[in-house]
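Shown next, in structure tokens, is the structure this report addresses.
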Amino acid sequence: MIKRILVIRNDKIGDFVNTWPALYELKMAQPNASIEVFVAPVLEEFAKICPFVDHVIFDNGDDPAIRQAFASRQYDAVIVSRSQIRTYRLVRQLDIPYKLAPKLNWYQYLYRHRASIEVPKGLGGWRKSCMLVEHFLNDHGIPVPPLPTQYWDLSHERRKWQDHYGQQGEERLIFAHPGTGGSATSISPRDFANLLIQVDRQTDIACKFVLTYSGQEISLAQQMYDLLIAQGINVVMAKPLSNLADFARSLVAADMFMAGSTGPLHIAGLHNIPTVGFYAGRRSAPKVRWQTLTQSDKRLAFTPPIGKKTGRNMALIDFDLASKEIASFLNTQYAWQQAVG
5 MIKRILVIRN DKIGDFVNTW PALYELKMAQ PNASIEVFVA PVLEEFAKIC
55 PFVDHVIFDN GDDPAIRQAF ASRQYDAVIV SRSQIRTYRL VRQLDIPYKL
105 APKLNWYQYL YRHRASIEVP KGLGGWRKSC MLVEHFLNDH GIPVPPLPTQ
155 YWDLSHERRK WQDHYGQQGE ERLIFAHPGT GGSATSISPR DFANLLIQVD
205 RQTDIACKFV LTYSGQEISL AQQMYDLLIA QGINVVMAKP LSNLADFARS
255 LVAADMFMAG STGPLHIAGL HNIPTVGFYA GRRSAPKVRW QTLTQSDKRL
305 AFTPPIGKKT GRNMALIDFD LASKEIASFL NTQYAWQQAV G
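Numbering (our numbering), first residue to last: 5 to 345.
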């Protein structure tokens, strides 16, 4: 009988969000087992509110203490979604009957159980963790449950968070998050603000733009805010929240989320709200690999031209085309609702 399963994913926000489908599969397949995760410190509170997680251990960098924490939980299985040699050293001496790692790097051969995580063309990076979990379930003769269309239903909190962001009447809350979580340069505040201005002018719906940010991104958001206010755009700077968990919950208020920073963009996708992502232009197709968990008909993605000299230059995105597509998308999603209302 499987009582406890540990999933190791101690890296960035977007990477952890991309394990939610795999965690869902584990919890639905083994509802009586304790599904537990090992995550980076920034993710501790957020991981605790994941509906498919029963216990969280965060990576404090103290490897002896971490090994002791793992040992005390008496795991029946560990699934290494983020594989490093350090990870192997953390679990190698532990009496865990089943240890599964992806077929990556030379140290994959240190594990008895290994699984391919080569994602089929056209599917997002979230499939990697699912492939590990499905390998685990198949090895134990456990059926793989079907995935849902939405991973986090906080519709009962939507009105509360709409009030938090100052939504009034029929206006739609369009969130925009400056900065980037990847290797590409950020969209400049001027380009991003001009994009929002064009969207506002071309859409038939009443928009209220909400600028979210973290840390030093506040300066980018402030520049955008000043440019938008000067053009008479209905815009607010987001009210600060105390932690990532509350911010993640609050995104249920959004009617669209736009960002080049994949972490908050992925969190928005958990709510199955429309997402607009701005990605580097590479042959590895990051807009596919890093697609959000929002349903495919609710996702838009834009990149600069593919190439070493052009792919990281976000100023080369066709913002005129992007504004038309975003405005059309908003009209399709929401304008008819306003007409009916």
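Think of the CB as a built atom: it goes at the ideal place given N, C-alpha and C, for glycine as much as any other residue.
Check	Outcome
Distance CB(residue 193)-CB(residue 224) smaller than 7 Å	yes
Inter-residue spacing [alpha-carbon to alpha-carbon] between residue 18 and residue 215	19 Å
Buried/exposed call for residue 308, threshold 16 Cβ in 10 Å	buried
Own chain partners of residue 121 with C-beta closer than 6 Å, once the 5 adjacent residues on each side are dropped	106, 132 and 135
Counted within 10 angstroms of its Cβ, other Cβ atoms place residue 345 as buried (16 or more) or exposed	Caution is warranted here: a pLDDT of 49 is assigned to residue 345, below 50, making its placement in the model unreliable, and the coordinate value is therefore given only provisionally. Classification of residue 345: exposed, given that the 10 Å Cβ count is below 16.
Cβ contact (3+ pairs, closer than 8 Å) linking the region 23-34 and the region 61-69	no
Cutoff 6 Å; reference residue 249; Cβ partners in own chain excluding five residues on either side	49, 50 and 53
Residue 279: first and last residue of the uninterrupted alpha helix (DSSP H) it sits in	Residue 279 -> not in any alpha helix (DSSP H); beta strand (DSSP E) instead, spanning 279-282.
Residue 236, buried or exposed, once every other Cβ within 10 Å from all chains shown has been counted against 16	exposed
Exposure of residue 279, with buried meaning 16 or more beta-carbon neighbours within 10 Å	buried
Host alpha helix (DSSP H) of residue 164 (start-end)	162-168
Nearest neighbour of residue 171, chosen from 207, 180 and 213 [CA to CA]	213
Residue burial classification, residue 220 (beta-carbon count within 10 angstroms, cutoff 16)	exposed
DSSP bridge partner residues for residue 102 (one or two, in chain order)	81
Per DSSP, the bridge partner or partners of residue 180	215 and 262
Candidates 180, 102 and 155: closest to residue 142 by CA position	102
DSSP-derived helix/strand/coil call for residue 200	helix
Same chain, Cβ closer than 8 Å to residue 118, five either side skipped, listed in chain order	104, 105, 106, 107 and 112
Chain-order list of residues whose beta-carbon lies under 6 Å from that of residue 238 (same chain, five-residue window excluded)	212
Straight-line gap, residue 55 to residue 28 (C-alpha atoms, nearest Å)	8 Å
Which residues DSSP lists as bridging residue 4, in chain order	Nothing can be reported for residue 4: it is not among the residues displayed for the chain, which extend from 5 to 345.
Buried versus exposed, by CB contacts within 10 Å (16 or more), residue 139	buried
Reduced DSSP secondary structure (H/G/I, E/B, other) of residue 42	strand
Nonlocal neighbours in the same chain, by C-beta distance under 8 Å from residue 161, ignoring five residues either side	253 and 256
Residue 87 versus residue 96: straight-line alpha-carbon distance, rounded	13 Å
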